[in-house]
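Before any comments, here is the structure.
In my numbering, the protein residues as written are 1087 to 1309.
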C-alpha cells in the first residue's frame, strides 16, 4: 500500500524519502515545488488522486457511508503535502497505517494509533533535517548538532505521546475473505505543532544541556 502512494506521486512524499536523500537535495526539490503555480499543483494532485483512487478501488478499498470519495480524500491529502513554509519545512506532516480487526471501529482506532507512530517518525526526520541544516548555516557546531539529533531520534515514543489532535485526511476500508475489516487511515498534523511536540519530547534531556544550546534549538525550530 505504501508503495502505491510513493511510486505514483513521489514528488509529494519527500518526507518519507528524506533518509534516502541529503537535506540539501530535499530542500532543493521543495524550493522547485514552491515555484510551481497553485493551479499546476492542483492539476498534479488531482491527476495523481484519480489514478490512485482507481487502483485502490480495484483492490477493494471503499469509503464509509457519508465520507468523501477516495479521489477527493487523496486530492486533499496530496495538496496538504505540497505546502511548505519559507524555511522549506512542511506546513503539515503526514502519518499513515493499516489495521485489521473483526470490528471496524476497533480496527480504525488501532490504525490511528499506528499512524501516530508513523507520524512521530516523520517528525523525527524533519526536525533532524532542520538540525543538520543548522550546521551548514553555522548556527550549531557539529558536536552540538549531533547531540541534539541523537536526542530527537531516540524519542519516537515520547514524540508520539506529545502529539495533539490530528486531522484524518483519508479513511477507507476493505472486507477480507474471513469477513474481517482492514482499515487504512492517513492523518495530518500542523507543522509548527509537530516541532513543539519534538521539543516537549526531549525537554527533560535538554535541561542537562547548556542554556545556549536550548536557545539555539528554539531558533532552529523558529521560536
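From the three backbone atoms N, C-alpha and C, an ideal C-beta is built for every residue, glycine too. In this text, all values refer to a predicted model and were calculated from it rather than measured experimentally.
Next on the checklist: Can you find the residues in the same chain that come closer than 8 Å, C-beta to C-beta, to residue 1200, ignoring five residues on each side of it along the sequence?
Outcome noted: 1183, 1184, 1185
Item to check | Exposure of residue 1176, with buried meaning 16 or more beta-carbon neighbours within 10 Å | outcome: buried
Checklist entry - At what residues does the alpha helix (DSSP H) containing residue 1179 begin and finish? => result Element bounds for residue 1179: not the alpha helix (DSSP H) but the beta strand (DSSP E), 1178-1187.
Checklist entry - What is the DSSP secondary structure of residue 1267, counted as helix, strand or coil? => result strand
Item to check | Reference residue 1235; option with closest CA among 1268, 1291, 1257 | outcome: 1291
Item to check | Nonlocal neighbours in the same chain, by C-beta distance under 6 Å from residue 1280, ignoring five residues either side | outcome: 1179, 1209
Checklist entry - Can you tell me the Cα-Cα spacing of residue 1341 and residue 1284, whole angstroms? => result There is simply no residue 1341 to check, as the chain begins at 1087 and stops at 1309 in what is shown.
Checklist entry - At what residue ranges does the region 1184-1263 contain a whole run of the beta strand (DSSP E), taking only runs of 3 or more? => result 1253-1261
Item to check | Distance between residue 1270 and residue 1080 (C-alpha atoms, nearest Å) | outcome: It is not possible to answer for residue 1080, since the shown part of the chain is limited to 1087 through 1309.
Next on the checklist: Taking the straight line between their C-alpha atoms, what separation do you get for residue 1101 and residue 1304?
Outcome noted: Residue confidence for residue 1101 is low, a pLDDT of 43 falling below 50, so the modelled location carries little weight; the figure read from the coordinates is stated next. C-alpha separation (whole angstroms): 22 Å.
Next on the checklist: Measuring straight from C-alpha to C-alpha, what distance separates residue 1129 and residue 1170?
Outcome noted: 18 Å
Checklist entry - Nearest-angstrom Cα distance between residue 1142 and residue 1136? => result 10 Å
Checklist entry - Expressed to the nearest angstrom, what Euclidean distance is found between the alpha-carbon atoms of residue 1194 and residue 1243? => result 20 Å
Next on the checklist: According to DSSP, simplified to helix, strand and coil, what is residue 1274?
Outcome noted: strand
Item to check | Closest Cα partner of residue 1256 within the set 1263, 1149, 1144 | outcome: 1149
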